[in-house]
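K.L.:
With my numbering applied, the sequence shown corresponds to residues 2 to 300, in that order.
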Amino acid sequence: MLQRYDQRNADVKYWVNGVLRHRDEPGISPFDSVVQGGDGVWEGLRLYQGRIFALDAHLARLRRSAAALGFAAVPSDKEITDALTETLRANDMTDGVHIRLTLTRGVKVTSGMDPRLNQSGCTLIVLAEHKAPVYDTAGLTLATASVRRPGPDVLDPKIHHNNLINSILAKMEATVAGADDALMLDGRGFVAETNATHLFAVTGGALATPRTVACPEGITRLTVLALAAQAGIAAVERDISLAEMYAADEVFCTGTMGEIAGVTVIDGRTIGEGGIGPVTRRVAEIYLAHARVSGTPVL
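1) Let me know the secondary structure DSSP gives Val192 once reduced to three states.
2) For the region 183-248, list the beta strand (DSSP E) runs that are entirely contained and at least 3 residues long, ordered along the chain.
3) Once you ignore the five residues that flank Gly263 on each side, which residues in its own chain have a CB closer than 6 Å to its CB?
4) Could you compute how far the alpha carbon of Met246 sits from the alpha carbon of Asp182?
5) State the DSSP-derived secondary structure class of Pro116, mapped to helix, strand or coil.
6) Roughly how many angstroms lie between the CA atoms of Ala175 and Val225, to the nearest whole one?
7) Give every residue of the same chain whose Cβ lies closer than 6 Å to the Cβ of Glu260, excluding the five residues on either side of it in the sequence, and list them in chain order.
8) What's the gap between the Cα of Lys159 and the Cα of Val214?
9) Report the residue from Ile241, Gly39, Pro298 whose alpha carbon sits nearest the alpha carbon of Ile166.
10) Which value, in whole angstroms, describes the spacing of the CA atoms of Thr88 and Leu128?
11) Among Leu156, Val177, Ile272, which residue has its Cα nearest to the Cα of Thr204?
12) Determine which residues share a DSSP beta bridge with Tyr15 and list them.
13) Among residues of its own chain, excluding the 5 on either side of Val110, which ones have a beta-carbon nearer than 7 Å to its beta-carbon?
14) State the beta-bridge partners of Pro298 as determined by DSSP.
15) Hey, how far is the Cα of His23 from the Cα of Ala227?
16) Please determine, among Asn196, Val108, Met94, the residue with the shortest C-alpha to C-alpha distance to Asp12.
17) Tell me whether Thr1 is buried or exposed, calling it buried when 16 or more other Cβ atoms sit within 10 Å of its Cβ.
If you want it as structure tokens, here you go:
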């Protein structure tokens, strides 16, 4: 299991619409849309030395997702940032923290799917935990799942929504296969992402990453593409087949919770030399140096 319980989180306080509660104290109504239908949007944030990396980009994506779902009375960026700050201060957190930021359609007056039953505005949830990057730096193993990532004709991945059953089913398959995570394909059979992160292949020193046809517009992914360009590392976004991943010199995944993590085995095939390659190491070093100093101060 990639994630472990951290004892420092035993008394974590979380935020729900202006109220801080102990982790053992319930604070979400059974009438909330996220409980009844997964009707919410979310962002994963990381705190580095009092700064949240790419906060503006994350809040912009949250707002785009909420607009696509027609949420009403969405909190302002300042209100959300203030909630983040208050939650972090209440938990005495300054570094090495992962934050799960959730915005739901809100509480319904009675059970049902109709959004007109939501008459009190959104529910804002802030959950911060002491959490180091979750992936093994020695290299990840992936197994391709039978579960496909849906495209915009089924559920547009540009909506960063809380309906994660698709990814959970893929993760379950990977676990049964003895892998760390699942590699997921899109409806056409091209590589989409893992169940939790975006993927990059390295061939001849150049990067390639799948287009965002059936995966979210990852902020860590976009950051890597920008930093690669600045560092003179060639990078392209295109359709990538599974066979290309098997034959790559290196493979790595990107995400807020895991930062940059090398992949050494996919479906029993050893990738490259079977270790973390030089390009992956360089990208990880560049990314971490950037993330630690360029975030938005919130404390």
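Beta carbons: idealized from backbone N, C-alpha and C, even for Gly.
P.N.:
The relevant details are as follows:
1) Stepping through the sequence shown from its first residue, residue 192 is reached at position 191. Strand, per DSSP.
2) 192-195, 199-204, 207-210, 236-238
3) As a position in the sequence shown, residue 263 is number 262, starting the count at 1. Here the set comprises Gly140, Phe253, Ile277, Thr281.
4) Taking the first residue of the sequence shown as 1, we reach residue 246 at position 245. Taking the first residue of the sequence shown as 1, we reach residue 182 at position 181. Spanning the two alpha carbons is a distance of roughly 15 Å.
5) Counting from one through the sequence shown, the residue named residue 116 turns up at place 115. In this structure, Pro116 counts as helix in the three-state DSSP scheme.
6) Residue mapping note: residue 175 aligns to position 174 of the sequence shown, counting from 1. Residue mapping note: residue 225 aligns to position 224 of the sequence shown, counting from 1. Going from the Cα of Ala175 to the Cα of Val225 covers about 26 Å.
7) As a first step, residue 260 is located in the sequence shown; it is residue number 259 there, counting from the start. Contacts found: Pro134.
8) Locating residue 159 in the sequence shown gives position 158, where the first residue counts as 1. Locating residue 214 in the sequence shown gives position 213, where the first residue counts as 1. If you take the alpha carbons of Lys159 and Val214, they lie about 9 Å apart.
9) Counting from 1 along the sequence shown, the entry for residue 166 is found at position 165. Nearest option by C-alpha distance: Gly39.
10) Mapped onto the sequence shown, residue 88 falls at position 87. Mapped onto the sequence shown, residue 128 falls at position 127. Distance between the alpha carbons of Thr88 and Leu128: 8 Å.
11) To locate residue 204, count along the sequence shown from 1; it is residue 203. Comparing Cα positions, the closest option is Ile272.
12) Within the sequence shown, residue 15 is the residue found at index 14, counting from 1. Tyr15 pairs with Arg22.
13) On the sequence shown, residue 110 is found 109 positions in, with the first residue counted as 1. Leu118, Gln120.
14) Numbered from its first residue, the sequence shown carries residue 298 at position 297. DSSP, once it has assigned bridges, lists Arg52 as partnering Pro298.
15) For this step, residue 23 is matched to residue 22 along the sequence shown. For this step, residue 227 is matched to residue 226 along the sequence shown. So the two alpha carbons sit approximately 39 Å from each other.
16) Position 11 of the sequence shown, counted from the first residue, corresponds to residue 12. For the residues Asn196, Val108, Met94, the minimum Cα distance to Asp12 belongs to Met94.
17) Since the displayed the chain opens at 2 and closes at 300, residue 1 lies outside it and no answer follows.
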